[in-house]
Structures are given as structure tokens and as C-alpha cells.
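Step one of this worksheet: look at the structure below.
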């Protein structure tokens with residue numbers, strides 16, 4: 002059984018403070034759309050400018066509002082390991098299914114340093130931990146052998162999100178770890194089927210903010226073995242990959258698209274951001290609307 006987990010957008014006000022009313026709207030949108038899980042304060046969630054207290058309070062808010070209707074995952078990355086561990090403990094105390102961490106994203110790291118970082122984290126966190134491998138943001142990638150060594154030594158390494166340009170790395174990690182209970186998720190939507198073919202568990206997909214219904218339908222259809230329909234749905238998801246290229250800050254694009262779908266939310270993002278290219282945005286909005294219309298006709 003595969004899963005679709007949404008790295009949820011964080012709705013902010015004009016002062017870059019968390020807008021709880023707007024986030025209520027997003028929660029109900031995702032739950033109604035049938036996603037399996039919600040990743041709070043992942044990279045789509047603009048976690049980098051929030052204080053420790055803001056993160057902890059937001060995790061508590063999400064736990065209360067979701068109330069078991071979807072699995073919750075917490076992005077716990079902080080500028081130092083001490084706070085990352087402390088935040089992980091808080092999320093697990095609140096009932097989160099697991100915590101996810103990119104690791105340090107400024108200093109250069111070799112494989113030994115990467116191992117030492119996650120080794121320390123896994124020893125200190127008494128619950129499910131997920132590695133987030135995102136070389137475009139951290140400047141380094143995690144070798145399959147390093148993931149295997151970490152999993153062999155730490156049963157609480159539950160899985161990994163792999164945001165890489167080609168699915169070969171994800172495949173190699175799956176083969177190296179060689180454990181069916183290791184939850185490998187692709188970070189890019191169009192790698193979902195390749196992920197499953199290698200023994201993975203599904204996708205942590207930013208597009209599922211926009212089309213949770215299509216994504217949940219795809220997962221259920223694929224799990225049921227309906228190849229023709231799952232391919233039709235996967236083609237819709239693949240077509241929507243163009244939305245990531247509307248602007249360098251796709252989170253801004255996605256918030257505005259959600260607003261233009263009729264959700265009563267604000268679309269502010271953390272600084273630095275800029276006004277969108279209106280022609281590119283209009284093309285993206287048409288693409289989304291056309292794709293949703295085609296989905297309704299399937």
C-alpha cells in the first residue's frame with residue numbers, strides 16, 4: 002500500500018506571522034481530498050524564518066485541528082542539533098507519526114560527517130525519524146551505503162524523502178537498505194511510479210496541496226491494480242509538474258493558485274519574494290483548471 006503525504010503550505014499574514022484561520026482552510030481542504038499524511042513545516046512550509054516557539058506552537062495547533070484524520074509528520078530542522086532534537090521530542094509528544102530532518106544545509110559535509118549527524122539525531126530521538134535528502138538545498142547528497150549503515154544501527158530510522166533530479170538514487174537507496182518496512186518516498190511527483198517499482202512507499206508531493214483528490218485517487222487506483230486508470234491519473238500529475246517552473250519560489254505560486262481555486266486564504270510568503278510574472282501565472286492557472294476539468298471527465 003502506497004501513500005501520498007502533503008508537505009503543506011503555511012498560510013501567513015502580511016507581517017509573515019502564521020494565520021491560523023487560513024491554515025484551518027488548508028487542513029480541511031487536504032483532509033477532504035483524502036491525503037494519507039501531512040508534513041508540517043517541510044520545505045514547502047517556509048520553516049526557515051520561524052522561531053523555535055513558533056514551530057512548537059504550530060505543531061500543537063496542527064495536532065489539535067487534524068485530530069487523527071491524517072497522519073502527521075513534523076519538519077524539525079533547526080539551525081543547531083540541540084533545538085532539532087528538542088523540537089523532535091515535542092512533536093512526538095504531541096502524537097506525530099514521525100519527524101523529518103534535512104540536516105545541516107550550510108556547511109560542506111562528507112559521508113562521515115553526514116553519518117555522524119544523523120547518528121547523533123537517531124540516538125537522541127525516541128521515535129520515527131525520516132531523513133530528508135534534498136541536495137539542491139543542502140549542497141550534499143546522502144549515499145545509499147550511508148543510509149544502509151544508519152538503518153542497520155538505528156531501527157527508529159523509519160524512512161526517507163528523496164528529492165533528487167533522477168530516480169536512480171532513490172532506487173539505489175531502496176536496494177541498499179533492502180528492507181520492505183523502510184519507507185522511501187520520492188520528493189518529486191513524477192517519480193512516484195519509479196519509486197514504487199524500486200520498493201518505495203509513495204510520494205511526499207507539493208502538488209498534492211493543489212490537487213489532493215487527484216493524488217489520493219492515483220494512490221488508491223494504483224494500490225487496487227487498475228493500471229490503465231492509474232496511468233491516466235499519473236499523466237495528469239506529470240503534466241502539472243510545469244507549475245513548479247512558473248516562478249523560482251513555487252510556494253508563492255501554489256498559494257495564489259489555491260486562492261484562485263476559491264479557498265479563502267492569504268497568499269503572502271516570507272521575504273524575499275516578488276510579484277509573479279502575470280503571463281506565466283495565467284498560463285499556470287489555465288493548466289491547473291484544464292487538468293482539473295479533464296480529471297472530472299475521467
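In our numbering, the protein residues as written are 2 to 299. Here a beta-carbon is modelled for each residue, glycine too, at the ideal position from N, C-alpha and C. Quick caveat: nothing in here was measured; it's all calculated off a predicted structure.
Query raised in the report: Rounded to whole angstroms, how far is the Cβ of residue 271 from the Cβ of residue 13, which I believe are closer than 8 Å?
Result: The beta-carbon separation of residue 271 and residue 13, rounded to 7 Å, stays under the 8 Å limit for a contact.
Query raised in the report: Mind checking whether residue 66 and residue 39 have CB atoms under 8 Å apart?
Result: Cβ distance not < 8 Å, so residue 66 and residue 39 don't count as in contact.
Report task. Taking residue 57 as the reference, give the member of 76, 238, 253 with the closest Cα. Result -> Closest in C-alpha terms to residue 57, from the list 76, 238, 253, comes 76.
**Report entry** Contact check, residue 47 vs residue 252, beta carbons under 8 Å
**Finding:** Against a cut-off of 8 Å, the Cβ pair of residue 252 and residue 47 comes out as a contact.
Requested in this report: Would you mind stating whether residue 37 and residue 89 have Cβ atoms separated by less than 8 Å?
Outcome: Not closer than 8 Å, so no.
Report task. Give me the Cα-Cα distance between residue 213 and residue 161, rounded to the nearest whole angstrom. Result -> In a straight line, the C-alpha of residue 213 is about 21 Å away from that of residue 161.
Query raised in the report: Can you give the Cα-Cα distance for residue 183 and residue 122, rounded to whole angstroms?
Result: Distance between the alpha carbons of residue 183 and residue 122 is about 18 Å.
**Report entry** residue 279 to residue 114 span [Cα, whole Å]
**Finding:** So the two alpha carbons sit approximately 44 Å from each other.
Query - Completely contained beta strand (DSSP E) runs for the stretch 72-119, where each covers 3 or more residues - result: With a minimum length of 3 residues, the continuous beta strand (DSSP E) runs that stay inside the stretch 72-119 are 72-76, 99-102.
Report task. Report yes if the C-beta distance between residue 1 and residue 5 is below 8 Å; otherwise report no. Result -> Residue 1 lies beyond the range of the chain shown here (2 to 299); nothing can be said about it.
Requested in this report: Under 6 Å Cβ to Cβ from residue 195, same chain only, skipping five residues before and after it: list those, please.
Outcome: Cβ neighbours of residue 195 beyond the five flanking positions: 168.
Query raised in the report: Starting from residue 7 and walking both ways along the beta strand (DSSP E), at which residues does that stretch end?
Result: Start and end: 4-8.
Query raised in the report: Counting pairs of beta carbons, one from the stretch 149-166 and one from the stretch 131-138, are three or more of them closer than 8 Å?
Result: Verdict: yes, contact present.
Query raised in the report: Since residue 205 is in the beta strand (DSSP E), which residue starts that stretch and which ends it?
Result: If you look at residue 205, you'll find it in the beta strand (DSSP E) that goes 203-205.
**Report entry** Status (buried if at least 16 other CB within 10 Å, exposed otherwise) for residue 236
**Finding:** It is exposed - the Cβ of residue 236 has fewer than 16 other Cβ atoms within 10 Å.
**Report entry** Other residues of its chain near residue 34: CB distance less than 7 Å, five sequence neighbours each side excluded
**Finding:** Taken in chain order, the residues that qualify are 213, 214, 217.
Report task. Report the residue ranges of all beta strand (DSSP E) runs contained in full by the stretch 137-217; include only those spanning at least 3 residues, in chain order. Result -> As far as the stretch 137-217 is concerned, its whole beta strand (DSSP E) runs of at least 3 residues are 158-163, 184-187, 203-205.
Query raised in the report: Applying the criterion that 16 or more other CB atoms from any shown protein chain within 10 Å of the CB defines a buried residue, is residue 31 buried or exposed?
Result: Buried is the call here.
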